[in-house]
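>
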Amino acid sequence: MCGSEQKYIAQAFDNNWIAPVGNNIDVFEHLLSNYINEKVHVTALNSGTAAIHLALIILGVKKYDEVICQSLTFAASANPIIYLGAKPIFVESERDTWNLSPLYLEKAIKERIALGKKPKAIIAVHLYGMPYKVNEINNIADKYKIPVIEDSAEALGSMYNGVQCSSFGELGIISFNGNKIITTSAGGALVTKNLELKKKSIFLSTQARDEFPYYQHSEIGYNYRISNILAGIGRGQMEVLEERIKTKRNIYEYYKSRLEGIPQIEFLDEPNGHYSNRWLTCILTSSYKLREDIRIALESENIESRPLWKPLHLQPVFHNYPCYVDGSAENIYERGLCLPSGTNLQESDLERIISIILAKTEKVLKFA
Ligand SMILES: *Cc1c(COP(=O)(O)O)cnc(C)c1O
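Just so we're aligned: 179 in our numbering is position 191 of the sequence shown, and the numbers increase by one with no gaps anywhere.
(1) Would you identify the three-state DSSP class for Asn3, choosing helix, strand or coil?
(2) To the nearest angstrom, how far is the alpha carbon of Ala356 from that of Ile342?
(3) Starting from Cys57, follow its DSSP beta bridges and name the residues at the other end.
(4) Reducing DSSP to helix, strand and coil, say where Gln225 ends up.
(5) Does at least one heavy atom of ligand 1 sit under 7 Å from the Cβ of Asn141?
(6) Would you call the CB atoms of Lys108 and Glu54 closer than 8 Å?
(7) Find out if the Cβ-Cβ distance for the pair Leu44, Leu72 is shorter than 8 Å.
(8) Do the stretch 154 to 161 and the stretch 190 to 206 touch if we need at least three Cβ pairs shorter than 8 Å?
(9) Can you tell me the Cα-Cα spacing of Tyr132 and Ala74, whole angstroms?
(10) Which residue's Cα is closest to the Cα of Asp139: Gly150, Tyr309, Ser264, Ser163?
(11) Could you give the distance in angstroms between the alpha-carbon of Ala38 and the alpha-carbon of Ala347?
(12) With DSSP as the reference, label Val15 as helix, strand or coil.
(13) If the criterion is Cβ atoms closer than 8 Å, does the pair Glu124 and Trp267 meet it?
(14) I'd like the span of the beta strand (DSSP E) that includes Asp139, first residue to last.
(15) Report back the beta-carbon spacing between Lys236 and Ser316 to the nearest angstrom; my notes put them in contact at under 8 Å.
(16) Using a 10 Å radius around the Cβ and a threshold of 16 neighbouring Cβ atoms, would you call Lys186 buried or exposed?
(17) According to DSSP, simplified to helix, strand and coil, what is Ser163?
(18) Specify the secondary structure class of Tyr357 as computed by DSSP and reduced to three states.
(19) So, with DSSP's three-state summary, where would you put Leu358?
(20) Exposed or buried, Tyr202, counting other C-beta atoms within 10 Å across all chains shown (16 or more means buried)?
(21) When the Cα atoms are used, what is the spatial distance from Arg223 to Val15?
(22) Using a Cβ-Cβ cut-off of 6 Å (strictly less than) and excluding sequence neighbours within five positions of Lys354, which residues of its own chain qualify?
(23) Report the rounded CA-to-CA distance for Ser336 versus Tyr242, giving the unit in angstroms.
(24) Following a CB-centred definition, is Gly176 positioned closer than 7 Å to any heavy atom of ligand 1?
(25) Can you determine whether any heavy atom of ligand 1 sits closer than 7 Å to the C-beta of Gly36, and answer yes or no?
(26) If I measure Cβ to Cβ from Ala66 and keep anything under 6 Å in the same chain, skipping five residues before and after, which residues do I get?
(27) Leaving out five residues on either side along the sequence, give the residues of the same chain with a beta carbon under 6 Å from the beta carbon of Pro259.
(28) Looking at Ile214 and Thr171, is the spacing between their C-beta atoms short of 8 Å?
See below:
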């Protein structure tokens, strides 16, 4: 926390708006849309997962529909597809960004259409803050007229060609869960350029109450709005977002500058036009064994590191659904490790981590 969160929470107490309505929500949404892009409208919700669920509903996804989803991501990207009784179709990642492969995306779309079912939506993810190949993905989506849900849960502040992520899809989603770059403890947002869609998302997230003096409902609603208390935390967090991104990017650069000469370790550089918030610094090791050696060596020093998200097509709960893969995401998963990336890390902490990694990799002199 930055310190001013409590001031905004106190304001909510003072004016007694302890509810999913109130000034903190209005201001938080305003700050977010100002930050992302003046053309977008933002609806603050109680989680990123709720935002994906509403995005699918707004796009008309129903039982038995098919929805394409990047496989290399957190389960929350795909779970709402199942809530709706729809069917996830998992698609491979490419090596430049670890995100949705344009090649496999088009292959999947063509094959699903040939099988008689055109996918209703595409869920593309900016994993660990690295933007996916927005132009390529949007070109394919436009060609087949399939809307994109832009999972920017991990990518607040990331940019593609100078434009903030979450504004490229038909609908974008952000998460303010405790682990994300800024947090409201739990929270999320839906982002759209279409004001009608914002109105629809507020309607659905507040129990779909029709405009009558009495309680009348002609649609099923959800209790997905953010609380005015948590939006107060969000207001405070917006004050430190830029600083957080700067620190995260410095942490990545620090690791990279110290480990770059090691042949068994690779970093994910930003392709041209891609700007990552570097939510987590992730490395690719040369083998599954080395990844585990490093992870366990860190753990024995009481330092937590984590394997990357396990691809969803390999998850027991999803393994029966169709997937379009060639092993790339699985390979990235097996060799990838998320390093400690908290913004409170000191240089001495980073040096401790780096020395443990160095001890596990053999140094090879690089000849120019
Ligand atoms: C965190 C996360 C979500 C879900 O957000 P919550 O706010 O935790 O519900 C969705 N997708 C990705 C990629 C995430 O990392």
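Glycine is no exception: its CB is placed at the ideal position from the N, C-alpha and C atoms.
Predicted model only: the values in this text are computed from it and were never measured.
According to the structure shown:
(1) coil
(2) Here Ala356 scores only 38 on pLDDT, less than 50, and its place in the model should not be relied on; the value that follows carries that caveat. Each residue's alpha carbon lies about 24 Å from the other.
(3) Phe78, Ile111
(4) helix
(5) Residue identity differs from the one stated: residue 141 is Ala in this sequence, not Asn. For ligand 1, at least one heavy atom lies less than 7 Å from the Cβ of Ala141.
(6) yes
(7) yes
(8) no
(9) 20 Å
(10) Ser163
(11) 43 Å
(12) helix
(13) no
(14) 136 to 139
(15) That belief does not hold up - the Cβ atoms of Lys236 and Ser316 are roughly 25 Å apart, past 8 Å.
(16) buried
(17) strand
(18) For the chain, the structure presents residues -11 to 356; residue 357 sits outside this window and is missing.
(19) Residue 358 cannot be examined here, being either before or after the span of the chain that is shown, -11 to 356.
(20) exposed
(21) 7 Å
(22) Low confidence applies here, because Lys354 scores a pLDDT of 49, under 50, leaving its location unreliable and the question unanswered by this model.
(23) 12 Å
(24) yes
(25) yes
(26) Cys57, Pro76, Leu300
(27) Asp84
(28) no
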